[in-house]
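For the sequence shown, my numbering gives the first residue as 1032, with consecutive numbering after it.
Working notes for the structure below.
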Amino acid sequence: MLAIAAAPAEGGPPGPDAKGAAIGTVGLVERLIRELPEDDPELPWQDRLRMIGTGIRSVARRHPQVFLLLFMRPTVTEEARRARNTMQAILRSAGVPEEIVTPLQRLLDTIGMGLAASEAGGRFTGDAEDVDRVYDLAEELLLSAIERYAGG
């Protein structure tokens, strides 16, 4: 478990472990991102999106205690940019207009990771079939939204 000794005292400079903790956090985030499946541009965009979504869900299930770190770090490393660029490439393949690509990618990332984090953290009650229905509904809504912005 990551020790958080980096929080500064109120009004003071960061503690002595701040830089090390920040580097360690980035390392954990990169390790999580590396577990996501590689994109296959030869597949239809819908299948590529499903593959990424399934990968995010799997990573969250394997690492529920650290998965939320993905929400706490900006997209600054090469590995994090690779994941972002993959989502943007999928949206472009779907025909989403360029001015919508970045905001839609951010929205999709937040919804997908939030759903996975909620499941992994035990927020959802019910059996596995109930949770799968939530994912199926999310997939249907997200694909419809992308198709709407792509013009059909």
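C-beta: ideal position from N, C-alpha, C; glycine also.
Just so we're clear, the structure is a prediction, and the values are computed from it rather than from any experiment.
- In this structure, R1112 and Q1136 do not form a Cβ contact; the two beta carbons are roughly 12 Å apart against a cut-off of 8 Å.
- Taking C-beta separations shorter than 8 Å and ignoring five residues to either side along the sequence, S1175 has no partners in its chain.
- Inclusion of A1169 and L1146 in the CB contact set at 7 Å is warranted, their separation being smaller than that value.
- Cα atoms of R1065 and R1179: separation of roughly 31 Å, rounded to the nearest angstrom.
- Going by C-alpha positions, L1173 is about 13 Å away from M1144.
- Contact annotation: P1068 and A1151 have beta-carbon atoms that are not nearer than 7 Å.
- The criterion of a C-beta distance shorter than 7 Å is not satisfied by T1108 and D1070.
- Put simply, the backbone Cα of V1090 is about 19 Å away from that of E1160.
- Taking every protein chain shown into account, the CB of G1157 has fewer than 16 other CB atoms within 10 angstroms, so this residue is exposed.
- Look at T1133 here: in three-state DSSP terms it is helix.
- When DSSP states are grouped into helix, strand and coil, R1154 belongs to the coil group.
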